[in-house]
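Undergrad: Numbering (full-length UniProt numbering), first residue to last: 1 to 281. From the three backbone atoms N, C-alpha and C, an ideal C-beta is built for every residue, glycine too.
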Amino acid sequence: MDKELQQIPCTEDEWRKIAKDFEVSWKYPHCVGACDGKHIVIQNPKNSGSNFFNYKGTFSIVLMAIADANYCFTYADIGCQSRISDGGVFRETTFYKKRSKNNLGLPPHEPLPGSNKLSPYVLVADDAFPLQIHIMKPFPGYHEKGSCKRHYNYRLSRARRVVENAFGLLASVFRVFRRPKMLNVENAEIITTACIYLHNFLRKSTTSKALYSPQGTFDTDTRDGNIIPGSWRSITQDDIGMKNLKRGRARRSTLEAKEVRDEFMRYFTSDEGHVPWQDHY
Numbered sequence: 001m002d003k004e005l006q007q008i009p010c011t012e013d014e015w016r017k018i019a020k021d022f023e024v025s026w027k028y029p030h031c032v033g034a035c036d037g038k039h040i041v042i043q044n045p046k047n048s049g050s051n052f053f054n055y056k057g058t059f060s061i062v063l064m065a066i067a068d069a070n071y072c073f074t075y076a077d078i079g080c081q082s083r084i085s086d087g088g089v090f091r092e093t094t095f096y097k098k099r100s101k102n103n104l105g106l107p108p109h110e111p112l113p114g115s116n117k118l119s120p121y122v123l124v125a126d127d128a129f130p131l132q133i134h135i136m137k138p139f140p141g142y143h144e145k146g147s148c149k150r151h152y153n154y155r156l157s158r159a160r161r162v163v164e165n166a167f168g169l170l171a172s173v174f175r176v177f178r179r180p181k182m183l184n185v186e187n188a189e190i191i192t193t194a195c196i197y198l199h200n201f202l203r204k205s206t207t208s209k210a211l212y213s214p215q216g217t218f219d220t221d222t223r224d225g226n227i228i229p230g231s232w233r234s235i236t237q238d239d240i241g242m243k244n245l246k247r248g249r250a251r252r253s254t255l256e257a258k259e260v261r262d263e264f265m266r267y268f269t270s271d272e273g274h275v276p277w278q279d280h281y
């Protein structure tokens with residue numbers, strides 16, 4: 001079994017469909033996926049030295065994935081060695097290499113709603129990832145309630161939660177992720193890949209979707225901006241088989257990447273892009 005899942009779009013219209021879903025469901029336009037990664041804890045592989053030793057002091061393989069607006073994985077890379085820095089794992093994926101060469105077939109830069117300035121289609125991510133033209137992450141540090149940067153961080157976090165919730169559902173249903181896998185690397189990769197394929201099948205099937213992820217499974221927002229935790233959080237809170245990536249070290253981002261983020265921030269605080277509940281956050 002291939003250790004890589006690729007269900008990414010092949011045409012600009014398919015990318016725009018994902019972006020439209022994010023805009024409608026999560027109020028984040030031009031978003032083509034939410035990106036995150038996990039350490040899948042395994043037993044110490046034989047003769048591996050420190051190749052699979054991670055910052056948590058355990059051995060693991062890395063699962064890097066991108067989710068769409070409906071909690072399905074469109075891309076996953078399984079098995080990267082933990083000795084590679086968390087920030088460097090994504091750069092090792094086929095997805096990143098294709099994006100770097102402009103081979104993903106993304107739509108050209110287009111204006112955000114109500115704007116005349118061209119903006120790229122982007123992934124949303126957390127601080128484990130670098131800020132780049134096609135990867136948006138939060139502004140670092142604390143920001144006062146009501147500030148533009150706080151509003152931006154809230155809107156990005158809200159869109160990014162789809163991949164967090166997808167991982168949470170995966171871990172809560174497939175109990176193999178509850179504890180370290182007593183398997184060799186190859187078998188751990190095969191099982192992880194199979195679970196991701198099953199997750200997508202169950203989410204997309206009209207007969208199994210409600211059983212696999214009933215109402216209340218995922219985080220939801222109230223009208224005043226509060227978050228009601230999804231049921232998966234109480235199920236997985238003591239799990240030790242799947243760990244978060246380490247927060248990346250601050251890197252100097254390009255001016256162009258910062259300008260892209262600033263354009264999204266302007267949109268989220270404009271009459272066109274503002275949503276009432278962000279004022280409560």
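Spell out the partners DSSP gives residue 282 in its beta bridges.
TA: Within the shown structure, residues of the chain are numbered from 1 to 281, placing residue 282 beyond reach of any answer.
Undergrad: Use the C-beta contact count for Trp-26: other C-beta atoms within 10 angstroms, 16 or more gives buried, fewer gives exposed.
TA: For the purposes of this step, residue 26 is taken as the residue at position 26 of the sequence shown. Buried, because 16 or more other Cβ atoms sit within 10 Å of the Cβ of Trp-26.
Undergrad: Give the straight-line distance between the Cα atoms of Arg-155 and Val-176, rounded to the nearest whole angstrom.
TA: By 1-based counting over the sequence shown, the position of residue 155 is 155. By 1-based counting over the sequence shown, the position of residue 176 is 176. Those two C-alpha atoms are separated by around 33 Å.
Undergrad: Kindly list the residues whose CB is nearer than 8 Å to the CB of Tyr-96, restricted to its own chain and excluding five residues on each side of it in sequence; keep chain order.
TA: Locating residue 96 in the sequence shown gives position 96, where the first residue counts as 1. Excluding residues within five positions, the ones whose Cβ falls inside 8 Å are Phe-90.
Undergrad: How is the alpha helix (DSSP H) around Asn-244 delimited, first residue to last?
TA: The residue you call residue 244 lines up with position 244 of the sequence shown. It is not in any alpha helix (DSSP H) - Asn-244 instead sits in the beta strand (DSSP E) that spans 242 to 244.
Undergrad: Give the straight-line distance between the Cα atoms of Asp-77 and Val-62, rounded to the nearest whole angstrom.
TA: In the sequence shown, residue 77 corresponds to position 77, counting from 1. In the sequence shown, residue 62 corresponds to position 62, counting from 1. Near 8 Å, if we compare the C-alpha coordinates of Val-62 and Asp-77.
Undergrad: For His-124, report the span of its beta strand (DSSP E) as first-last.
TA: Walking along the sequence shown from the start, residue 124 turns up at place 124. His is not the amino acid found at residue 124; the sequence shown has Val there. Looking at the DSSP string, the run of the beta strand (DSSP E) that includes Val-124 is 122 to 124.
Undergrad: What three-state label does DSSP hand Lys-27 in the structure shown?
TA: Taking the sequence shown and counting its residues from 1, the one referred to as residue 27 is at position 27. Coil, per DSSP.
Undergrad: Note down, one range per segment and in chain order, each alpha helix (DSSP H) of at least 4 residues found wholly within the region 69 to 155.
TA: Segments of the alpha helix (DSSP H) lying fully in the region 69 to 155: 86 to 89 and 94 to 100.
Undergrad: By the three-class DSSP mapping on this structure, what secondary structure does Val-275 have?
TA: Here residue 275 corresponds to residue number 275 of the sequence shown, with the count starting at 1. Three-state DSSP puts Val-275 in coil, outside helix and strand.
Undergrad: For Gly-33, tell me which candidate among Leu-112, Leu-131 and Arg-161 has the shortest Cα-Cα distance.
TA: Counted from its first residue, the sequence shown places residue 33 at position 33. Comparing Cα positions, the closest option is Arg-161.
Undergrad: How many Å lie between Ser-48 and Tyr-152 at the Cα?
TA: As a first step, residue 48 is located in the sequence shown; it is residue number 48 there, counting from the start. As a first step, residue 152 is located in the sequence shown; it is residue number 152 there, counting from the start. Low local confidence applies: a pLDDT of 46 at Ser-48 is under 50, so the model's placement there is unreliable, with the coordinate-based value given in what follows. Approximately 43 Å between the Cα atoms of the pair.
Undergrad: Would Pro-113 and Glu-12 qualify as a contact pair, given that the criterion is a beta-carbon distance under 8 Å?
TA: As a position in the sequence shown, residue 113 is number 113, starting the count at 1. As a position in the sequence shown, residue 12 is number 12, starting the count at 1. Cβ atoms of Pro-113 and Glu-12: not closer than 8 Å.
Undergrad: Starting from Arg-235, trace the alpha helix (DSSP H) both ways and give me its first and last residue.
TA: Along the sequence shown, read from residue 1 onward, the residue named residue 235 stands at position 235. Arg is not the amino acid found at residue 235; the sequence shown has Ile there. Start and end: 231 to 236.
Undergrad: Alpha carbon to alpha carbon, what distance is there between Ile-135 and Phe-22?
TA: Here residue 22 refers to the residue found at position 22 when the sequence shown is read from its first residue. Here residue 135 refers to the residue found at position 135 when the sequence shown is read from its first residue. Rounded to the nearest angstrom, the two C-alpha atoms are 15 Å apart.
Undergrad: Between Asn-200 and Lys-101, what straight-line distance do the alpha-carbon atoms span, to the nearest angstrom?
TA: Against the sequence shown, residue 200 aligns to sequence position 200. Against the sequence shown, residue 101 aligns to sequence position 101. Straight-line Cα distance between these residues: approximately 28 Å.
Undergrad: Take the Cβ of Cys-35 as the centre, count every other Cβ of all protein chains shown within 10 Å, and call the residue buried at 16 or more, exposed below.
TA: Walking along the sequence shown from the start, residue 35 turns up at place 35. Buried, by the Cβ-count rule.
Undergrad: Is the region 122 to 138 close to the region 256 to 265, with three or more CB pairs under 8 Å?
TA: The region 122 to 138, when compared against the region 256 to 265, does touch it at the 8 Å Cβ threshold.
Undergrad: Per DSSP, residue 319 is paired with what?
TA: No statement about residue 319 is possible, as the shown extent of the chain runs from 1 to 281 and does not include it.
Undergrad: Does the beta-carbon distance from Gln-43 to Pro-180 come in below 8 Å?
TA: In the sequence shown, residue 43 corresponds to position 43, counting from 1. In the sequence shown, residue 180 corresponds to position 180, counting from 1. Yes.
Undergrad: Do you know how far the Cα of Lys-209 is from the Cα of Asp-224?
TA: Counting from one through the sequence shown, the residue named residue 224 turns up at place 224. Counting from one through the sequence shown, the residue named residue 209 turns up at place 209. The alpha-carbon atoms of Asp-224 and Lys-209 are separated by roughly 29 Å.
Undergrad: Compare the Cα-Cα distances from Val-41 to each of Glu-92, Val-185, Asp-126 and Thr-74 and report the closest residue.
TA: Numbered from 1 along the sequence shown, position 41 holds the residue referred to as residue 41. Closest by alpha carbon: Val-185.
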